[in-house]
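In the numbering used here, the protein residues as written are 35 to 438.
The C-beta atom is built at its ideal place from N, Cα and C for all residues, glycine as well.
Only one structure is covered here, and it is reproduced in the block below.
Structure (structure tokens):
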């Protein structure tokens with residue numbers, strides 16, 4: 035049974051509890067308001083430096099060329115990049131002004147990396163940023179193998195030629211990110227041979243002595259569904275003197291013209307009646323002091339297999355060369371008289387590629403990119419995509435094959 039005194043004490047106790055609760059709430063509210071009134075005097079100060087890592091945390095298609103670190107309103111103090119898992123350090127350098135960091139080498143495709151970066155603002159306050167990411171994989175990227183090489187000197191017929199390792203479906207996007215310019219001022223246009231080869235050339239041969247520069251800006255460019263470019267570089271080459279050599283299959287001679295002047299007439303032996311030589315303008319794409327020629331690799335079965343063909347210069351990808359011949363009939367030399375080859379253009383030579391021979395002279399006086407024209411052969415004109423031989427296409431047909 036509850037007495038009046040006990041009931042009164044319970045009410046007073048409840049009121050006291052309520053008052054304590056009220057005081058507690060009031061005290062908390064008053065403290066928050068005080069902090070606001072003091073402008074955050076007691077909260078930690080934050081650095082104004084803002085770090086940006088180009089490869090976002092968790093991304094799976096990061097660039098192998100453009101990945102790096104930048105900072106605004108501060109300077110980078112330390113950047114560490116490692117290969118995730120192995121912990122292998124990726125070398126890099128902070129710029130002199132402390133605003134950027136870049137790896138020293140191109141990154142590997144399909145590799146997981148980690149970047150940890152710190153910076154300080156003008157007040158010495160530190161900021162930090164981290165990212166773990168994976169670069170674009172080989173399966174999801176494409177690369178173009180190109181010729182000529184950077185820094186090379188080539189003949190006037192040398193085109194710029196790209197062969198891509200994957201089929202390109204967006205040709206316009208890819209071609210528009212490759213520019214080729216000449217110091218001669220010649221207009222240079224690209225032409226697609228199928229979906230994996232893109233060549234560039236001017237309407238006429240390059241001007242002798244000109245410098246050609248190609249800028250490859252394919253990094254991140256989508257060439258096909260889910261397939262992106264990874265190349266970003268500038269390549270330049272020099273065009274040497276003009277040399278165009280004309281092979282006449284009727285007379286079995288080759289006339290070498292340099293800078294508009296005939297410097298030599300060379301007796302040759304072109305293709306036989308059964309194995310004729312292509313007509314047309316052909317560009318020398320490779321040179322070998324000696325090389326093996328096996329008929330089975332070009333559709334001639336076991337008709338020949340010569341392990342040391344001297345002074346060989348490639349004219350077509352299908353196997354046409356201009357080269358030295360030491361196995362000819364010494365009692366009845368064919369040079370200047372008759373065609374005896376399987377479609378190549380032969381010059382008198384000796385085994386071992388030594389000695390003062392017609393073949394050695396021509397080899398020593400030839401640049402990759404020089405032009406060899408064959409005429410009066412009963413064969414057809416060489417296909418423009420058989421080797422670097424796009425000169426056998428009219429300018430209107432060439433420009434029609436451009437995607438831009």
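**Message:** I'd like the span of the alpha helix (DSSP H) that includes residue 433, first residue to last.
**Reply:** 429–434
**Prompt:** Between the C-alpha atoms of residue 112 and residue 200, what's the straight-line distance to the nearest angstrom?
**Reply:** 39 angstroms
**Item:** beta strand (DSSP E) runs wholly inside the region 170–216, at least 3 long, in chain order
**Value:** 178–181, 194–198 and 212–216
**Item:** Per DSSP, cross-strand counterpart(s) of residue 231
**Value:** 197 and 227
**Prompt:** What residue range is occupied by the uninterrupted beta strand (DSSP E) comprising residue 266?
**Reply:** 266–273
**Asked** In angstroms, rounded to a whole number, what distance separates the CA positions of residue 68 and residue 156?
**Response** Confidence at residue 68 is low in this model, with a pLDDT of 33, below 50, so the placement of that residue should be treated as unreliable; the coordinate-derived value is given next. Roughly 29 angstroms between the two C-alpha positions.
**Request:** Using 10 angstroms around the beta-carbon of residue 158, count the other beta-carbons present and answer buried if the total reaches 16, otherwise exposed.
**Result:** exposed
**Request:** Express the C-alpha separation of residue 398 and residue 267 in angstroms, rounding to a whole number.
**Result:** 32 angstroms
**Prompt:** Hey, is the region 226–238 in contact with the region 200–213, meaning 3+ C-beta pairs nearer than 8 angstroms?
**Reply:** yes
**Asked** Looking at the structure shown, is residue 102 part of a helix, part of a strand, or coil, going by DSSP?
**Response** coil
**Message:** For residue 141, list the residues DSSP reports as bridge partners.
**Reply:** Residue 141 pairs with nothing; no bridge assigned.
**Message:** With DSSP as the reference, identify every bridge partner of residue 295, one or two as the case may be.
**Reply:** 292
**Asked** Residues in its own chain within less than 8 angstroms of residue 296 by CB, not counting five upstream and five downstream?
**Response** 289 and 290
**Asked** Taking C-alpha atoms, which residue in 106, 153, 368 and 110 lies nearest to residue 454?
**Response** As displayed, the chain neither begins before 35 nor continues past 438, which places residue 454 out of reach and without an answer.
**Prompt:** Just the Cα atoms here: how many angstroms apart are residue 197 and residue 275?
**Reply:** 27 angstroms
**Prompt:** Quick check: the region 377–384 against the region 344–364, are there 3 or more CB pairs under 8 angstroms?
**Reply:** yes
**Message:** Need the endpoints of the beta strand (DSSP E) that residue 256 sits in, please.
**Reply:** 256–258
**Request:** Go ahead and label residue 387 buried or exposed: buried means 16 or more other beta carbons lie within 10 angstroms of its beta carbon, across all protein chains shown.
**Result:** buried
**Message:** For residue 114, which residues in the same chain have their Cβ closer than 6 angstroms to its Cβ, ignoring the five residues on either side in sequence?
**Reply:** 150
**Prompt:** What are the start and end residues of each continuous beta strand (DSSP E) run of 3 or more residues lying completely inside the region 331–374, in chain order?
**Reply:** 339–348 and 355–359
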